[in-house]
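Chemist:
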Amino acid sequence: MITRSFSVLLAIASLCAATTPSLSHAEGSKAGVVVLQGGKVPFDYVDEVVVPVPSEIFSVLDKLGEPNWHQEERSVKTPDTTDRTRLALLFGSVVAEGFVAVQAQDRKAVEEIGREVIDLSKTLGIHKSVLPHAQAILDAADHSQWSTIRAEFDRTQKTVRQTMDKMRDAELSQCVSLGGWLRGTAAVTSVVGKNYSADRAELLYQPDLVKHFHNQLAKMPADMKKHLTIKAISKGLQEIQGLMEKSSEGFKVESVTRIGVICNDLLKMITPKTK
Amino acid sequence: MNRVLRSPPPLFSLIMVALAIAFTNLPFAARATVDDAHSFAMEAAVPFVADGFIVREDYWNGEVKSGQKLMVRHQLFKGNDYAFWLGAANEDCTMDIQVLDDKGTAIHITPKIGIGPNFTSVRVNPPRTGTYSVVFSVTSKTEKTVFWALAYGYR
Chain L
2 MITRSFSVLL AIASLCAATT PSLSHAEGSK AGVVVLQGGK VPFDYVDEVV VPVPSEIFSV
62 LDKLGEPNWH QEERSVKTPD TTDRTRLALL FGSVVAEGFV AVQAQDRKAV EEIGREVIDL
122 SKTLGIHKSV LPHAQAILDA ADHSQWSTIR AEFDRTQKTV RQTMDKMRDA ELSQCVSLGG
182 WLRGTAAVTS VVGKNYSADR AELLYQPDLV KHFHNQLAKM PADMKKHLTI KAISKGLQEI
242 QGLMEKSSEG FKVESVTRIG VICNDLLKMI TPKTK
Chain V
954 MNRVLRSPPP LFSLIMVALA IAFTNLPFAA RATVDDAHSF AMEAAVPFVA DGFIVREDYW
1014 NGEVKSGQKL MVRHQLFKGN DYAFWLGAAN EDCTMDIQVL DDKGTAIHIT PKIGIGPNFT
1074 SVRVNPPRTG TYSVVFSVTS KTEKTVFWAL AYGYR
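Here the protein sequences come in this chain order: L and V.
Residues 2 to 276 in my numbering are what the first sequence spells out, letter by letter.
Residues 954 to 1108 in my numbering are what the second sequence spells out, letter by letter.
1) Name, please, each residue of chain V whose Cβ falls closer than 8 Å to the Cβ of LEU210/L.
2) GLU996/V to ASP224/L, Cα distance in whole Å?
3) List the residues of chain V whose Cβ lies closer than 9 Å to the Cβ of ARG156/L, in chain order.
4) In the region 175-203 of chain L, which residues sit with their C-beta less than 8 Å from some C-beta in chain V, listed in chain order?
5) Starting from TYR1107/V, follow its DSSP beta bridges and name the residues at the other end.
6) Strictly under 8 Å for the Cβ-Cβ distance: is TRP1038/V near chain L by that measure?
7) With a Cβ-Cβ cutoff of 8 Å, do ILE58/L and LEU204/L count as a contact?
8) Would the beta-carbon of GLY1083/V fall within 8 Å of that of TYR206/L?
9) Name, going along the chain, the residues of the region 987-1008 of chain V whose beta-carbon falls closer than 9 Å to a beta-carbon of chain L.
10) Measuring CB atoms only, is the region 1055-1074 of chain V touching the region 1011-1024 of chain V, in the sense that at least three cross pairs come out at less than 8 Å?
11) Could you pull the start and end residues of the beta strand (DSSP E) that ILE1050/V belongs to?
12) Nearest to VAL211/L by CA position, among THR230/L, GLN242/L and GLN175/L, is which residue?
13) Pairing CB atoms from the region 987-995 of chain V with CB atoms from the region 1038-1049 of chain V, are three or more of them under 8 Å?
14) Could you confirm whether any beta carbon from chain L is found closer than 8 Å to the beta carbon of LYS1097/V?
15) Checking the sheet assignment: what are the DSSP bridge partners for ALA1041/V?
16) Might you give, ordered along the chain, the residues of its own chain that have their beta carbon closer than 7 Å to the beta carbon of ARG75/L, omitting 5 neighbours on each side?
17) Hey, would you say GLN175/L sits closer than 8 Å to TRP147/L, going by beta carbons?
18) Determine the closest residue to SER198/L out of LYS247/L, PHE252/L, THR149/L and ILE119/L, with distance taken between C-alpha atoms.
19) Let me check one thing: in DSSP terms, what residues is PHE1072/V bridge-paired to?
20) What residue does the beta strand (DSSP E) around GLU1016/V start on, and which one ends it?
21) How is PHE252/L classed by DSSP in three states: helix, strand or coil?
22) Is it buried or exposed for SER249/L, if we count other Cβ within 10 angstroms and need 16 for buried?
23) Taking just the CA atoms, how far does LEU183/L sit from PRO273/L?
24) With DSSP as the reference, label GLN1028/V as helix, strand or coil.
25) Measuring only the C-alpha atoms, how far is ALA1102/V from PRO53/L?
26) Is the beta carbon of VAL271/L sitting closer than 8 Å to the one on LEU91/L?
27) Can a CB atom of chain V be found closer than 8 Å to the CB of SER256/L?
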């Protein structure tokens, strides 16, 4: 009897040993890590490319001049919809809007975005994991702690993606990244367009990243690929990729403008119309 | 009345030891070890943060065969200064990290800061905006597998 109990306990312990290691990756990730065979580096690998936060690009624009970030700010509002694909895309774009507000050092806008993040996370059913970040954003906004706010927006996006991945919503997690990239890129094209220089425009050279997004959309389930916004984004990304690949030796002003138009048109599909 | 402290029965002790080994050595130690690797990577980041670097929340970690080369593909922007921090939880490890352009040319520099027994760092000023390959490995003198974490920051 005791021997049997011992065996059962050992079995439980073994099960824990087999299942718990996944927790060890709760914060970090293996996504995008390629095991190199024979030491050969696959330079054409684009299945997983690290998606930068908008502030990585904004910081270069700041070094190249003094953009008027206030001009780039847009109001945010949760749409009256239960469409989770659209909400996930919007979530990413709202977080990107937060990065724009941080660049503008606009306390009021950061507070509004922080509240919008809470509302959106409630609609998406992930508010428990997002609330601590949103609260930290609001607290830091009270004291104009811009670096803290920037870090919290980064954490918010990461937490949301991880929560969605755990909920087996990996596609929605991709939509968050994509929505953020679209809004960030729209802001970059606007800043570059207002004061064009080859150095500023070069920041848009991201063909592998766009290819990565396009591949992720192609891997989505059939019903999601039929989603009107996803179809439009897929088409838009293809055109953006073409424009970027043609611009390896430098962007023409028209290409910058066109990328901006595509991003803005796509953003209009995911953001609610303001009166 | 004399109270007699009795030793637990040997089988009971055996069960407790087995449970202790199962619960502490296997799952939780694995968690701690991967987390330790990240802590070491963050230790490498400390002098960089003091120098104005912003640490990204996204990082990678895992367990891999000692000496196995790994790679992540990374979009870098000309005009930014990047730092990559590699941490290893195992003792007596050598760490290698390189940032390569699309032709395989190394573009990183090894800084004087952020280097220690369990972590190493490289810095990159990308010559062009584009995608780069970050290739890294951790080699242990004693272990077959190693726990690692890779993080990055920019300014």
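Note that beta-carbon positions come from the ideal geometry of N, C-alpha and C, so glycine has one too.
Note that the coordinates shown come from a computational prediction; the quantities given were computed from them, not determined experimentally.
Modeler: Walking through what the data contain:
1) LEU210/L reaches chain V at GLN1028 and THR1084, counting residues in chain order whose Cβ is nearer than 8 Å.
2) The alpha-carbon atoms of GLU996/V and ASP224/L are separated by roughly 45 Å.
3) Residues of chain V passing the Cβ test: GLU1010.
4) Hits within the stretch, in order: ASP200 and GLU203.
5) Answer is ILE1007/V and TYR1035/V.
6) No, TRP1038/V lies away from the interface with chain L (no Cβ there is under 8 Å from its Cβ).
7) Cβ atoms of ILE58/L and LEU204/L: closer than 8 Å.
8) Yes.
9) Within the region 987-1008 of chain V, those residues whose Cβ lies closer than 9 Å to any Cβ of chain L are, in chain order, VAL987, ASP988, ALA990, HIS991, ILE1007 and VAL1008.
10) Contact between the region 1055-1074 of chain V and the region 1011-1024 of chain V is absent, because fewer than three Cβ pairs lie under 8 Å.
11) Its beta strand (DSSP E) spans residues 1046-1053.
12) Nearest of THR230/L, GLN242/L and GLN175/L to VAL211/L, Cα basis: GLN242/L.
13) The answer is yes - the region 1038-1049 of chain V touches the region 987-995 of chain V, with three or more Cβ pairs under 8 Å.
14) It does not: the Cβ of LYS1097/V has no partner Cβ on chain L nearer than 8 Å.
15) The secondary-structure analysis by DSSP pairs ALA1041/V across a beta bridge with TRP1101/V.
16) Closer than 7 Å at Cβ, skipping near neighbours: GLU98.
17) Cβ atoms of GLN175/L and TRP147/L: not closer than 8 Å.
18) Out of LYS247/L, PHE252/L, THR149/L and ILE119/L, PHE252/L has the C-alpha closest to the C-alpha of SER198/L.
19) Bridge partners of PHE1072/V: GLY1040/V and GLY1069/V.
20) 1013-1018 is the span of the beta strand (DSSP E), which, as asked, contains GLU1016/V.
21) In the three-state scheme derived from DSSP, where H, G and I count as helix and E and B as strand, PHE252/L is classed as coil.
22) By the neighbour-count definition (other C-beta atoms within 10 Å, threshold 16), SER249/L is an exposed residue.
23) Rounded to the nearest angstrom, the two C-alpha atoms are 16 Å apart.
24) Of the three classes helix, strand and coil, the one that applies to GLN1028/V here is strand, per DSSP.
25) Approximately 18 Å, taken between the alpha carbons.
26) The sequence given here places Ile at residue 271/L; Val does not occur at that position. For ILE271/L and LEU91/L, yes; Cβs fall inside 8 Å.
27) Cβ-Cβ to chain V under 8 Å: no for SER256/L.
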